[in-house]
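Undergrad:
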Amino acid sequence: MSAAALFDPKGLMREAFAIDGINAPECRSIFLDWALSLPPERDAMVEIELLIAHYEPLQEGNHPMLQTLREAQQKLPTPRRRGGRQGRFSD
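Residue numbers (the numbering used here): 1 to 91.
#1: Between the C-alpha atoms of residue 14 and residue 41, what's the straight-line distance to the nearest angstrom?
#2: By how many angstroms is the C-alpha of residue 20 removed from the C-alpha of residue 6?
#3: Would you check if the distance between the CB atom of residue 30 and the CB atom of residue 16 is smaller than 7 Å?
#4: If we call anything under 7 Å between Cβ atoms a contact, is residue 28 one with residue 78?
#5: From what residue to what residue does the alpha helix (DSSP H) around residue 29 run?
#6: Find out if the Cβ-Cβ distance for the pair residue 64, residue 24 is shorter than 7 Å.
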């Protein structure tokens, strides 16, 4: 078993990096499929770091999948409840 098979068992990322002319929306779709197939005990952020570390040296340019993986590493703001009466009258 290769090192990539540990964090990309279905080979989705390997295939995405092999597709010529792949674009950002296709990469996001593939990434979502990959993320949904992660076992619950695996930390997605750690797996994303492993993917970047593995595939970045193999790419000559800025591949759209690398950009998608980097975007996935960004922290999202904590959602705030905006419903009900208070949501209509605040701000």
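Note that CB positions come from ideal geometry on N, CA and C, so glycine has one too.
These figures come from a predicted structure and were not determined experimentally.
TA: Checking against the coordinates, here is how it stands:
#1: Here the alpha carbon of residue 14 sits roughly 22 Å from the alpha carbon of residue 41.
#2: Straight-line measurement puts the Cα of residue 20 at about 24 Å from the Cα of residue 6.
#3: yes
#4: no
#5: Counting along the chain, residue 29 sits inside the alpha helix (DSSP H) bounded by residues 24–36.
#6: Yes. Within cutoff.
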